[in-house]
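Colleague: I'd like to ask you about the structure that follows.
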Amino acid sequence: MLDIQKIRADFPILNEKIRGKQLVYLDNGASTQKPKAVIDAETFYYEHQYANIHRGVHYLSQIGTDLYEQVRRQIQAFINAKHEHEIIYTKGTTNSTNLVAYTFGRKFIQEGDEIVVTEMEHHSNIVPWQILCEEKKCILKVIPLQQDGTIRIDDAEKIITPKTKLVSFTYVSNALGTVNPIKELITIAHKNGAKVLVDAAQAIQHFTIDVQALDVDFLVFSGHKLYGPTGTGILYGKEDILNEMPPFEGGGDMIKTVSFKGTEFNDLPFKFEAGTPHIAGCIALGTAIEYIQNIGLENIYQYETELLAYATQKLSAIDGLTIYGNAQQKSSVISFLLDGIHPYDVGVLLDNQGIAIRTGHHCAQPVMDFYGIVGTCRATLAFYNTKEEIDMLADGIVRAKKMLQ
Amino acid sequence: MKLESINELQENIIEDFSMYEDWNEKYEYLIEFGKSLLPLDEKYKIEENRIHGCQSRVWLHAEMQNDILLFFADSDAIITKGIVGLLVKVLSNHTPKEIAETDLYFIEKIGLKEHLSPTRANGLVSMIKKMKSYAAVYSNL
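Chains as they are written, first to last, in our numbering: chain F, 33 to 437; chain D, 71 to 211.
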């Protein structure tokens, strides 16, 4: 059992009053709030240990380098990667995906090759591939959505073929909450000789991920959705594939030697980490991971599953409310609409009651097009949310509905 | 009958809103006002008249009658429609020169400034720009 009140006390912002009302923060899918430990870790580093890392002979530079590299090992353990140099620091999920598109994509995907995504992808897992396809004349294929917000394995088996070079899909849909059948999809992709990129932006904070057990080739996620700082992200890639990929950006840290006759690139992971990184952010990300590991991802999963079931039941009971995304396997997302009412109006009136949700297309316009809607209201849960907050959301929706009808 | 000036109209709205004590009442007013407005004729709800905001959609049609510029607008979100309605109420039915030279201060005064924030992405900022640019174009004709 989690002691939610004790956990809530760790998050200073949860005590904020919004428009005179107690904040109810249900926009965790967009970004999670930060525990004091994470905020303190970043401050402590700047106040006591800050200097640029790598190559510095002096004391502070060495401390910073040690901390930064220690977090890399921590993340390696967190997702059970085989090697620490398979963990590449990036700015976030979008940056990680683009890195793969620009390096793996440009080297290994040629004219006529196929890339497969699902219809439920976030724009950041669509547009990089469209740009690549435009440039390389390769083909982007889409595994279609079903009415309940899932995809069918039968469809995946038809669409993924020996022509497929990469299958890139989300673990958890940010718009619908659907948890995809990741193992089956990876098996189908590998059977056809394709590599797999999994977008774990909406998964990594909710349950345990083991990249070796999954046998996934690339895994991408953001630090800021994992209770860490913004501007931090991770690309995991299998060593042999990363080694064959050309660098992404050129600059400092990613080279061994530079001369005008030619430049020799650095080894992994530095080959992909040109320039001064978000050192303080990465160090605080380590604190965030430690924080959630102390609570325990098993406990988090159990509690959030219970909270989602409660929220689903509570919201379903509201007359005229439709939930979009009714997969058996769902995680922490409830997308909904009220009959004849625009989601924006609901969002404004909930905000007026101190309740933060998101409205719109959630950067997944193809999902909205599939359902023929302009957008949804989306409440996304974290382990610091409570049943009382869900009750306040439900009451808030009823109140908004009364005003808008 | 002399038409009310743009600033008189702005002052009227500010006075109306001063009666409301809390935000719920302001939103109730906007919702009721939004509902009371006639929908824009379907023939004007076309892509050229559509103002892009990723949250709510706004359509704006403008036409000249004699020397007067008229605006007709609509939105699919009712709160946005209420605000759109206020903008039309204030700016429509004036000469392009008057509209172009107007300092639009009532939205801030009635506390709805945050609805003009780009993060809202509700199309209102673009709508005001477009109303002003229609006025600028027509006043130069």
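We put the beta carbon where it would ideally sit given N, CA and C, even for glycine.
Predicted model only: the values in this text are computed from it and were never measured.
Work out the CA separation of A426 of chain F and K346 of chain F for me, nearest whole Å.
Modeller: In this structure, the straight-line span from the alpha carbon of K346 of chain F to that of A426 of chain F is close to 7 Å.
Colleague: Enumerate in chain order the residues of its own chain whose CB-to-CB distance from F297 of chain F is below 8 Å, with the five nearest sequence positions on each side excluded.
Modeller: Excluding the 5 residues flanking it on each side, F297 of chain F has same chain C-beta neighbours closer than 8 Å at P279, M286, I287, K288, K303, in chain order.
Colleague: Can you find at least 3 beta carbon pairs, one from the segment 47 to 61 of chain F and one from the segment 375 to 389 of chain F, that sit closer than 8 Å?
Modeller: yes
Colleague: Using a Cβ-Cβ cut-off of 6 Å (strictly less than) and excluding sequence neighbours within five positions of K433 of chain F, which residues of its own chain qualify?
Modeller: L370
Colleague: Is the CB of S187 of chain D under 8 Å away from at least one CB in chain F?
Modeller: no
Colleague: Sorted by chain position, which residues of the same chain lie with C-beta nearer than 7 Å to R105 of chain F's C-beta, five sequence neighbours on each side aside?
Modeller: E116
Colleague: Give me the subset of the segment 147 to 168 of chain D whose CB atoms are less than 8 Å from a CB atom of chain F, sorted by chain position.
Modeller: A147, I148, I149, T150
Colleague: What residues from chain F crowd round I101 of chain D, counting only those whose CB sits closer than 8 Å?
Modeller: D377, M435, L436
Colleague: Just checking, does the segment 144 to 151 of chain F make contact with the segment 163 to 176 of chain F on the three C-beta pairs under 8 Å criterion?
Modeller: yes
Colleague: Starting from the Cα of I76 of chain D, find the closest Cα among D:Y175, D:E117, D:I180 and give me that residue.
Modeller: D:Y175
Colleague: Looking only at its own chain, which residues have a Cβ that is under 6 Å from the Cβ of L46 of chain F, when we skip the five neighbours before and after it?
Modeller: R40
Colleague: Nearest chain F C-beta to Y90 of chain D closer than 8 Å, yes or no?
Modeller: Not a single CB atom of chain F sits nearer than 8 Å to the CB of Y90 of chain D.
Colleague: Under DSSP, the beta strand (DSSP E) around H131 of chain D begins and ends at which residues?
Modeller: Looking at the DSSP string, the run of the beta strand (DSSP E) that includes H131 of chain D is 128 to 135.
Colleague: What number of angstroms, rounded off, separates the C-alpha of P67 of chain F from the C-alpha of H394 of chain F?
Modeller: 25 Å
Colleague: Shorter than 8 Å from the beta carbon of T408 of chain F to some beta carbon of chain D?
Modeller: T408 of chain F is outside the set of residues whose beta carbon lies under 8 Å from a beta carbon in chain D.
Colleague: So, is the C-beta of E178 of chain D closer than 8 Å to a C-beta in chain F?
Modeller: no
Colleague: Within 10 Å of its beta-carbon, does P44 of chain F have 16 or more other beta-carbons around it, so buried, or fewer, so exposed?
Modeller: Classification of P44 of chain F: exposed, given that the 10 Å Cβ count is below 16.
Colleague: Y208 of chain D versus chain F: which residues are under 9 Å apart at the beta carbon?
Modeller: Per Cβ cutoff of 9 Å: no residues; Y208 of chain D is ~31 Å from chain F at best.
Colleague: What three-state label does DSSP hand T193 of chain F in the structure shown?
Modeller: coil
Colleague: Cα-Cα, which of F:F201, F:I175, F:T408, F:K362 is closest to G372 of chain F?
Modeller: F:T408
Colleague: Assess contact between the segment 192 to 202 of chain D and the segment 107 to 125 of chain D, defined as three or more Cβ pairs (one per stretch) separated by less than 8 Å. Is contact present?
Modeller: Verdict: yes, contact present.
Colleague: When burial is assigned at 16 or more other CB atoms within 10 Å of the CB, is Y91 of chain F buried or exposed?
Modeller: exposed
Colleague: Pull up the distance between the alpha-carbon of F87 of chain D and that of I180 of chain D, whole angstroms please.
Modeller: 6 Å
Colleague: Can you give me the C-alpha to C-alpha distance between Y268 of chain F and Q437 of chain F, rounded to a whole angstrom?
Modeller: 49 Å
Colleague: Is there a Cβ from chain D that is less than 8 Å from the Cβ of T262 of chain F?
Modeller: no
Colleague: Can you check which of these residues, F:C170, F:G283, F:T126, F:I218, is closest to A233 of chain F by C-alpha distance?
Modeller: F:T126
Colleague: Mind checking the segment 366 to 397 of chain F against chain D and listing, in chain order, the residues whose C-beta falls within less than 7 Å of any C-beta there?
Modeller: Cβ contacts with chain D come from H374, Y376, D377, V380, L381, N384, T391, G392, H393.
Colleague: Between which residues of its own chain and M400 of chain F is the CB-CB distance below 7 Å, once the five residues before and five after are set aside?
Modeller: H393, V406, G407
Colleague: Would T412 of chain F and D59 of chain F be called neighbours here (beta carbons separated by less than 8 Å)?
Modeller: yes
Colleague: Which whole runs of the alpha helix (DSSP H) in the segment 129 to 177 of chain D are 4 residues long or more, in chain order?
Modeller: 148 to 161, 166 to 171
Colleague: Can you give the Cα-Cα distance for E74 of chain D and M424 of chain F, rounded to whole angstroms?
Modeller: The straight-line gap separating the alpha-carbon atoms of E74 of chain D and M424 of chain F is approximately 45 Å.
Colleague: Going straight from the alpha carbon of M89 of chain D to that of Y416 of chain F, what length do you get?
Modeller: 39 Å
Colleague: Please go through the same chain and pick out, in chain order, the residues whose beta-carbon is closer than 6 Å to the beta-carbon of S145 of chain D, but skip the five residues on each side of it.
Modeller: S126, V128, K151, V154
Colleague: Count the other CB atoms, across all protein chains shown, that sit within 10 Å of the CB of G357 of chain F; report buried if there are 16 or more and exposed otherwise.
Modeller: buried
Colleague: Just curious, the alpha helix (DSSP H) that L110 of chain D is in, first and last residue?
Modeller: Here L110 of chain D belongs to no alpha helix (DSSP H), and DSSP marks it neither H nor E.
Colleague: In the structure shown, what three-state DSSP assignment does I163 of chain F receive?
Modeller: DSSP, reduced to helix, strand and coil, places I163 of chain F within a helical segment of the structure shown.
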